[in-house]
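Below you'll find the structure, written out as structure tokens, and then a few comments.
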Amino acid sequence: MAPKNLKQRIERAAFSRTYRVLLATFGGYAFTVGFFAFFSVLLALLGESPVEAMFWAVLSSFLIYTLVAIWAAATPRPWITSAIIVGGGAAMIGVAPILAAQLGQ
């Protein structure tokens, strides 16, 4: 019975590792895109010039991607983390055009 249980544990660990790598790569990218869109529009709304807003959004996106990737790889609950990462990225992508419309007024 032990070898079968061991085999299942190894397969589960391999799936967990693969899932975490994919979450860190693609989920981190999606979250960073959402952050970039949201943060650049927010800075422009707060009075920064568009060029400076984009500059600070690009500069901070490197840090955000790194932190999200580390979090995705080290979390004890990858399913909850993936919901937060993907949901947060989608929410920021959804809110950015609404804020951009306020910028045009």
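The sequence shown begins at 76 in the working numbering and counts up by one.
C-beta atoms are modelled at their ideal positions from N, C-alpha and C, and glycine is treated no differently.
Across the set Arg-84, Leu-118, Ala-99, the C-alpha of Leu-118 shows the shortest separation from the C-alpha of Gln-177.
DSSP, reduced to helix, strand and coil, places Leu-121 outside both helices and strands of the structure shown, so it counts as coil. For Val-116 and Ala-128, the gap between their C-alpha atoms comes out near 7 angstroms. Fewer than three pairs of CB atoms, one per stretch, sit closer than 8 angstroms, so the region 125-140 makes no contact with the region 80-87. Counting of Cβ neighbours within 10 angstroms places Pro-172 among the exposed residues, the total staying below 16.
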